[in-house]
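Working notes for the structure below.
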Amino acid sequence: ICINQQDIRERNMQIGIMRHIFATAENVVVWLGPATTKTNLAMDYIAQQNIMIPENKTTERSSLQRKLLRFHTVWTVEEGKAFLNLCRTRYWTRVWIVQEIMYARRITLFCGSRNVQWRMFDGIFQRLKDIQVMGWFHMHRYGPEVLESRAAVIFEEKRRWEKYPAETGKGMPISTLIG
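In our numbering, the protein residues as written are 1 to 179.
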């Protein structure tokens, strides 16, 4: 969707139907920005992890899986820093992405020419949260900063939105997502 921002009438008309557009779209494409060496490293890292959270489900790992996580380093220092930078791109600070993300059924994230599915990206956040719960966060540099990023907040709210669709609006205030 491309909206002529100079044409107020067109812009107002398009904004009024955005919810419907995103909710009925087969796939919403998100562009995080142009490629850099660091963003390429981060996107390749996400793709190589092959962690996908099933749609409309929360992750529940067995105690054995949780124990194994503490012995595995999530990323190298370079990958962690690159992933954190990707979580801090300007995209995550834009107001209009809230409805774009919350209503989308499927999302593909692009950075430059590389792309990953939303659920692959979300799998990294879920793994970090598991490690945090296990008390092994200190072994994963950049983990705390990643989980405090606006991207992480938006991913968390999307999970909540999907888990409790009848209670949307009872989660985090939208101002927290865009603030």
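Where a beta carbon is used, it is the ideal one built from N, C-alpha and C, also for glycine.
Taking 9 Å as the cut-off, the beta carbon of W75 is found closer than this to the beta carbon of Y142. Taking a 10 Å sphere around the C-beta of D122, we find 16 or more other C-beta atoms and assign the residue as buried. Following the DSSP letters along the chain, one finds Q126 in no beta strand (DSSP E) but inside the alpha helix (DSSP H) bounded by residues 118-134. For the pair I101 and I154, the CB atoms are nearer than the 9 Å cut-off. Bounds of the beta strand (DSSP E) holding W31 are 28-31. Taking the Cα positions, Q14 is about 25 Å away from W118. Each residue's CA atom was taken as its position, placing A104 and E162 some 10 Å apart. A straight-line Cα-Cα distance of about 19 Å links N4 and Q99. For R159, the three-state secondary structure derived from DSSP is helix.
Distance check between C111 and each of R9, D130, R88 places R88 closest, using alpha-carbon atoms only. Straight through space, the alpha carbons of E148 and E26 are spaced by roughly 30 Å. Secondary structure note for F110: its beta strand (DSSP E) is the uninterrupted segment 107-111. The shortest CA-to-CA distance from R127 to any of I17, E10, L84, Q49 is the one to Q49. Note that the C-beta distance between L109 and L32 is below 9 Å. Under the three-state reduction of DSSP, R141 is assigned to coil, being neither helix nor strand. Cβ contact annotation for H140 (same chain, cutoff 8 Å, sequence separation greater than five): T73, V74, W75, G80, L128, I131, in chain order.
The C-alpha of T39 lies about 34 Å from the C-alpha of N12. In the three-state scheme derived from DSSP, where H, G and I count as helix and E and B as strand, N12 is classed as helix.
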